[in-house]
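Shown next, in structure tokens, is the structure this report addresses.
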Amino acid sequence: MTNDAPHSAPTPLSRFLGGWMRHPSPQEPEQPPADGAAEASASDVAEAEAQEAQEAQAHASKSSGPVEGAADPESSGESEPPGHDSPVSAGVEDSQDTESAESSENAEDAEDLDAEEEHVIEVADPRDFADDSGPQYEDEDFDDIVDGEAAPAPGPIGTATPAIAPSSIASASSQSAPSAAEALATPSTAVLGEQGASAPGSAASSGHAVSPASSLSSAGVADAAASAASADTAQVDPESLLPSLKSFKNRFIDRELTWLDFNERVLEQAEDHTLPLLERAWFLAIFSSNLDEFYMVRVAGLMRRIKAGITPVRASGLDANQVLAQVTSRAKELTARQAALFQEDIRPALAERNVDILGWDELNSDQQERLTRYFRHQIYPVLTPLAVDPSHPFPYISGLSLNLAVILRNPRSGKEHFARIKVPDSLPRLVQVPGRELDAADKATGCAVIPLEVVVGQHLDHLFPGMDILEHHLFRVTRNEDLEVEEDDAENLLKAMEKELERRRFGDCVRLEVEDTISSFTRRYLVRALGLKTDDVFELPAPLDLTCLNQLHDLDIPDLKYPRFVPVTAAGLAAYESSSAPDVFAAMREHDVLLHHPYDSFSTSVQEFVAQAAADPKVLAIKQTLYRTSGDSPIVDALIEAAEAGKQVVAIVEIKARFDEEANISWARKLERAGVHVVYGMVGLKTHCKLLLVVRQESDGLRRYCHVGTGNYHPKTARGYEDLGLLTCDRDVAQDLTTLFNQLSGYAPRARFRRLLVAPRGLRDGLVERIEQEIANHRAGLPAWIRIKVNSIVDETVINALYRASRAGVQVDIVVRGICGLRAGVEGLSENIRVRSILGRFLEHSRIYAFAAGGQTELFIGSADLMHRNLDRRVEALVRITDPAMVEDLQWLVTHCASDDVSSWHLQPDGSWERHLVDAEGNRLEDIQTSLMARARSRVKGRH
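Given below as structure tokens:
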């Protein structure tokens, strides 16, 4: 039996293997039904489902083949809840136009199609895989025998089995995970009441394995919560006495404004006089780099929407024009503060330590002469002066490039001219002053550098001989560099991305930085030539672009930098430090291994795992996701070695990783040439999960070794990013990874997971279910708390759920490094929520989600932040940690980071951040990263 129902038009970003999206027709816009109509509709659907089931059974009895293409009644007609920044909802209007156009074309071609059937291979739309009913793929065909015994058969769907029930996911999606808009219209008590018998925390809907021993206790927890709820039915719900959620109009902080709060915290690190001097300069460079990317992507997006007239009111209550105005004002304030900090504090302090950044007039005659020779031999051949006149139009200015605007005068005619010189980025930005180079034998003598643009500016007469140089000023342009690829229409995603990278160079200008000494004429000329507005101009003292301070930070002056730290081999991999590599496979067979980078070495754990898998003749297959890595990465080399050795190697490469697209394309082609099966993810979704699966032939059969992490497989960033990883041979995790890799590389519509929560299908729903369960447990008198550590949190659905938990009395601790759209400590809304932010020498990058679960702590780690892009437009994975010691250790980590004993920033009720460095007695608070480094060192000293 085939499904003759017409498909809705493809949308660019469909939900990952999700339900059908019913698009309203242009003539009859879809409208939400009234309550009575909804009940009648539900009754009609139930009757239709029963009738369809009878017909299907009758048909099956007459047919010898299986039923194919059966529509999923559970997902038919479902649409994305309002309030989500959903890829599906974003494409509805486009799909309406497409439907109208296609309908006329289909009518014209109907006769041809009837006359001769044509088979067409089309791009797979994730909506085509909506059928989750029926038997699910399990372990029967792969590893049904474990240690000589038959694997336990999974229980029926809806019981306490190790698998997640698709029907429970759909129920949770429609009931327990209200969108921001629904939360405005529906009191939180109604949301809880609607769940009723759905038992949000039950094994059937939780998506994790429940052992026989724990299933009874879990059932006891659920029964206790249910009985307590029924006993309190006659009592007044305390939350009903509070103002409704919708009465808090400003409960969401705007994403762009809270990002600026994060970058201000980076700037405050540079202002911290207790940090080593070169590290303070490094934080200034990070601030500049962050702001560049922010303007290239986020501000460029705001400007594009304003230009197109698309300025709806955001969740924060502001429209794009209001946000852009506040962003511009705040960004100018912060950059002025950064410039003053550099000029008045850090630069003089560096000079006191014999690290000088000099101007031309500060050089002696010998140094000037030697730099002139350097200019003639090393700089002059690279420069290309570009004149601007009727025969020479205004030149293209590449994004983030440094340029000199030169005003010239012809002494014969007296006419003035404009020319532009690009400061070559192929040369070091900071040139070492001759005679003041860093002495490796005596580093205390320091060194001196001079900006490259200063050297060029002093030798303009070499570039314009016979012309009078009237003035020259440094300027810098930022362009829109966000990529837009219509993947549904792209025959080859790799080629489409390469073309879009070419277009990126010519994006619209969004920001102009100029020296504060620039003349008003030159400034007006540049603004007009670049198509900008006056508000888009940032006037700052030279030098512009303080990312050049990275070059200073690379100087080998230990006294001005953090003490050196050497990562150690993870405790679970080796009993003692050794020059020989640990046997990763043997360690994983004995027990799971929790990795905490950079305290635990990446090279002796994950990197060694891949290397040993590539060299091991018993390894049959390696499957890995790659989001960001280096071109000379040992990981890439190991995959190539494995493929050349005849192993089956699959690499799920994300070529849409922002600003790493070109690098990813380069080494992806390198992998393909070596015989690696390279898959570029799914249409409309970025593959952001961090997964590695190794299949090995052993004496008792095949065994699968897994790694699930929170960070990229990038050996260089692993030394500076704080991340977590799990090495395990657990069958449930192995089966989950096998299923997920099959989804990413092929077609696997009937997938379900035991220990993973996977986005964009079930991760948000799974988290919200657990939040709601904490509310129920708290009301039942059971242990209830929520502890989260993430990079960013802006998803309105999750934030509303956390608000409901706080209003119900559940204690919520959140540690967030970057963006935070939630307000903490607001009376009647979030007084039980405390939010902390930690910045330090390592970038806090791990994600942890922990729930009390009635006394049986449930904890996940993984790649997903609480953002729309992670929950709706990316393939993400969280894995549930089951080892009690690991759960306890990670729970301590989040709890301790959120405590008042650790140095951090505290989110205030008004949305501002307050830094806490010392306690009430003036003693400096604990630096959590320093403590973790000390713990790692002590672990090494304790080994024998």
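Quick note on our numbering: the sequence shown kicks off at 120 and runs consecutively. Glycine included, each C-beta is placed from N, C-alpha and C at the ideal position.
- By alpha-carbon distance to Ala787, the top candidate from Arg815, Arg823, Leu745, Gln816 is Leu745.
- Taking 8 angstroms as the cut-off, the Cβ atoms of Leu364 and Tyr922 count as close.
- Around the beta-carbon of Glu488, fewer than 16 other beta-carbon atoms lie within 10 Å, marking it exposed.
- For Val887, the closest alpha carbon among the candidates Tyr866, Glu915, Ala764 is that of Glu915.
- Remark: C-beta atoms of Ser407 and Asp664 approach each other more closely than 8 angstroms.
- In this structure the stretch 791–799 does not lie against the stretch 712–727, because fewer than three pairs of beta carbons, one per stretch, are closer than 8 angstroms.
- The way I'd put it, the stretch 701–709 doesn't touch the stretch 585–599; fewer than three beta-carbon pairs between them come closer than 8 angstroms.
- DSSP places Phe657 within a strand segment (E or B) once states are collapsed to three.
- The DSSP-derived three-state label of Tyr644 is helix.
- Within the same chain, and ignoring the five residues on either side of Ala506 in sequence, the residues whose Cβ sits closer than 8 angstroms to its Cβ are His536, Phe537, Ala538.
- Arg472 is a Cβ neighbour of Gly565, given a cutoff of 8 angstroms.
- Listed in chain order, the non-local C-beta contacts of Gln551 below 6 angstroms within the same chain comprise Val568, local neighbours out to five positions each way being set aside.
- Around the beta carbon of Lys737, fewer than 16 other beta carbons lie within 10 angstroms, which makes this residue exposed.
- The Cβ atoms of Leu593 and Leu521 sit closer than 8 angstroms to each other.
- Ile957 carries a coil assignment under DSSP once its states are collapsed to helix, strand and coil.
- Trp1011 counts as exposed, since fewer than 16 other beta carbons sit within 10 angstroms of its beta carbon.
- Pairing Ser956 with Arg384 gives a Cβ-Cβ distance under 8 angstroms.
- About 5 angstroms separates the beta carbons of Ile890 and Ala924, which is inside the 8 angstroms limit, making them a contact pair.
- Ile676 carries a coil assignment under DSSP once its states are collapsed to helix, strand and coil.
- Under the three-state reduction of DSSP output, Leu361 falls in the coil class, being neither helix nor strand.
- Per the Cβ contact rule, the stretch 472–482 is not in contact with the stretch 401–421 (fewer than 3 Cβ pairs under 8 angstroms).
- With the rule of 3 Cβ pairs closer than 8 angstroms, the stretch 451–466 does not count as touching the stretch 541–549.
- Annotation for Lys426: the continuous alpha helix (DSSP H) segment containing it runs 419–427.
- Note that the C-beta distance between Arg966 and Asp984 is below 8 angstroms.
- Exposed is the label assigned to Tyr515, since fewer than 16 other Cβ atoms lie within 10 Å of its Cβ.
- In this model, His1025 and Glu556 are separated by some 43 angstroms (Cα to Cα).
- Under the DSSP assignment, Arg466 falls in the alpha helix (DSSP H) whose first and last residues are 466–471.
- Contact between Leu523 and Val501 does not hold, since their C-beta atoms are separated by about 14 angstroms, which reaches or exceeds 8 angstroms.
- Under DSSP, Cys566 forms a beta bridge with Val474.
- Under DSSP, Leu812 forms a beta bridge with Lys742, Cys825.
- Going by DSSP, Lys451 is part of the alpha helix (DSSP H) stretching over 439–460.
- Assignment of beta-bridge partners to Gln767 by DSSP yields Ala740.
- Burial state of Pro1003 is exposed, judged by a 10 Å Cβ sphere holding fewer than 16 other Cβ atoms.
- In this structure, the straight-line span from the alpha carbon of Arg424 to that of Val797 is close to 35 angstroms.
- Note on geometry: alpha-carbon atoms of Gln486 and Leu386 lie some 34 angstroms from one another.
- Straight-line measurement puts the Cα of Arg898 at about 52 angstroms from the Cα of Leu396.
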